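Visitor: This note's numbering numbers the first residue of the sequence shown as -2 and each following residue consecutively.
Ideal Cβ positions, reconstructed from N, Cα and C, are used throughout, including at glycine.
Keep in mind that this is a model prediction, so the values were computed, not measured.
Before anything else, here's the structure in question.
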Amino acid sequence: MTKPNTRFQFKHGDNYHLERKKQGFHTEKIKNQPIRMNMNSLNKRLDVQKQFSTRASTFDQSARWITDEQLIKAHPQELSRPGKGLELCCGTGAVGRAFVHLGWQMTGVDITEAMVHETQKYFPAIQHNVEEGLPFKDETFDAVVMRQALFFFQPEKLLAEIQRVLKKGGRFVLSQTVPYESPEDEAWLKKVHTTKQAQLLNFYTAKDLEDILQSAGFKIEKKRSLTVRENITNWMHHAPELSSEKKNEVMNLIRQTPKMLQPYRNVTEVNGVLEENWNWVIYTTTGKA
């Protein structure tokens, strides 16, 4: 089993308990109307909350991408100076810790209380459903970051809320696993991900993400692509929400990756460890001036 990368697992120290007012928290009515969810979306949100509550204590060990040093470093790479930052759907705060390490004053938001408790070991965080809007005043943050979570949401209103809480000219950093630039890989990855994660509301290609960002008024300043070598055996081992049958289904799907995709995916199984390549994109964008 791959050991987690602990480079960014440091404490925030004596400054941990910052006043909420200084962080930009507020209890006024959120300006955007709450997103209306149908029953299917509500059930999926509750399933997400339950799943990540169960996984919180071992989340950092559950997949290589979560603590991959190169991937984490890519998020603040294009940001010139520290300021106030917000990590949405922060999980255990793995990306936010890298920002803190560079001098940023970070705040985390996650729907899952157990994940919030993990993040609070490193920087302030609150439990909140971002589909109901963001509980912060206008123009609070210099940067907002979100990794591997946009596919759980309908993006339009969430991105509008991100625009609202960003300072003028603030930066939004978005990262996501996407297919390699192959129609065959797009269909294949969608099949794998929807088999593993029934709670997904959307499946995105890099082009989809670029269109969504630009439609929301973000200017894409930099796009980076990275490959993370993922341990699928370990990924399934740390998926308690899945039945044994479902885990085997996901593993067998990856074992049966079409030969035409092997140059991208490079699927191997050695000594019982199944691995493949995952394609990541990281967008650094600028909000409305």
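So, valine 170 versus leucine 131, is the Cβ gap smaller than 8 Å?
Guide: Position 173 of the sequence shown, counting from 1, holds the residue named residue 170. Position 134 of the sequence shown, counting from 1, holds the residue named residue 131. Not in contact: valine 170 and leucine 131 (Cβ atoms no closer than 8 Å).
Visitor: Helix, strand or coil for arginine 78, going by three-state DSSP, please let me know.
Guide: Along the sequence shown, one-based indexing puts residue 78 at 81. Coil.
Visitor: Got a sec? Which residues, its chain only, sit under 6 Å from serine 222 by beta carbon, not counting five neighbours each side?
Guide: Along the sequence shown, one-based indexing puts residue 222 at 225. These residues qualify, in order along the chain: Val278.
Visitor: On a CA-only basis, which of Ser54, Thr283, Glu238, Glu242 is nearest glutamate 207? Give me that one, please.
Guide: The residue given as residue 207 occupies position 210 in the sequence shown. Considering only alpha carbons, the answer is Thr283.
Visitor: Determine, using beta carbons only, whether leucine 258 and aspartate 182 come nearer to each other than 8 Å.
Guide: The sequence position of residue 258 within the sequence shown is 261, counting from 1. The sequence position of residue 182 within the sequence shown is 185, counting from 1. Contact flag set, yes.
Visitor: Nearest by alpha-carbon distance to phenylalanine 120: which of Asn249, Val97, Asn126, Thr64 is it?
Guide: What you label residue 120 is simply residue 123 of the sequence shown in a count that begins at 1. Measuring from the Cα of phenylalanine 120, the nearest candidate turns out to be Val97.
Visitor: What does the alpha-carbon distance come out to for the pair threonine 89 and glutamate 178?
Guide: Against the sequence shown, residue 89 aligns to sequence position 92. Against the sequence shown, residue 178 aligns to sequence position 181. Their backbone Cα atoms lie some 31 Å apart in a straight line.
Visitor: Taking glutamine 151 as the reference, which of Trp185, Gln196, Lys244 has the closest Cα?
Guide: As a first step, residue 151 must be located in the sequence shown, where it is residue number 154. Looking at the Cα atoms, Gln196 is the closest of the given residues.
Visitor: Give me the Cα-Cα distance between glutamate 66 and glycine 105, rounded to the nearest whole angstrom.
Guide: On the sequence shown, residue 66 is found 69 positions in, with the first residue counted as 1. On the sequence shown, residue 105 is found 108 positions in, with the first residue counted as 1. For glutamate 66 and glycine 105, the distance between alpha carbons rounds to 20 Å.
Visitor: Does the beta-carbon of aspartate 57 have 16 or more other beta-carbons within 10 angstroms, so that it is buried, or is it exposed?
Guide: As a first step, residue 57 is located in the sequence shown; it is residue number 60 there, counting from the start. It counts as buried.
Visitor: Taking the alpha helix (DSSP H) that glutamate 273 belongs to, which residues open and close that run?
Guide: Within the sequence shown, residue 273 is the residue found at index 276, counting from 1. Counting along the chain, glutamate 273 falls outside any alpha helix (DSSP H), though it belongs to the beta strand (DSSP E) covering 270 to 283.
Visitor: Measure the alpha-carbon distance for lysine 81 versus glycine 269 and round it to whole angstroms.
Guide: Walking along the sequence shown from the start, residue 81 turns up at place 84. Walking along the sequence shown from the start, residue 269 turns up at place 272. Answer to the nearest angstrom: the Cα atoms are 45 Å apart.
Visitor: Rounding to the nearest angstrom, what Cα-Cα distance links alanine 95 and tryptophan 101 in this structure?
Guide: Numbered from 1 along the sequence shown, position 98 holds the residue referred to as residue 95. Numbered from 1 along the sequence shown, position 104 holds the residue referred to as residue 101. Roughly 9 Å between the two C-alpha positions.
Visitor: Helix, strand or coil for methionine 34? Go by DSSP, reduced to three states.
Guide: Here residue 34 is taken as the residue at index 37 of the sequence shown, counted from 1. Confidence at methionine 34 is low in this model, with a pLDDT of 45, below 50, so the placement of that residue should be treated as unreliable; the coordinate-derived value is given next. Methionine 34 falls in the coil class under three-state DSSP.
Visitor: Pick helix, strand or coil for alanine 286, following the three-state DSSP scheme.
Guide: As a first step, residue 286 must be located in the sequence shown, where it is residue number 289. Coil, per DSSP.
Visitor: Can you give the beta carbon distance from valine 247 to lysine 187, rounded, assuming they're within the 8 Å contact cut?
Guide: In the sequence shown, counting from the first residue as 1, residue 247 sits at position 250. In the sequence shown, counting from the first residue as 1, residue 187 sits at position 190. So it is not a contact: roughly 13 Å between Cβ atoms.
Visitor: Tell me the residue span of the beta strand (DSSP E) that contains glycine 166.
Guide: Locating residue 166 in the sequence shown gives position 169, where the first residue counts as 1. Counting along the chain, the beta strand (DSSP E) containing glycine 166 begins and ends at 163 to 174.
Visitor: May I ask you to report which of helix, strand or coil DSSP gives isoleucine 123?
Guide: Stepping through the sequence shown from its first residue, residue 123 is reached at position 126. Strand at isoleucine 123.
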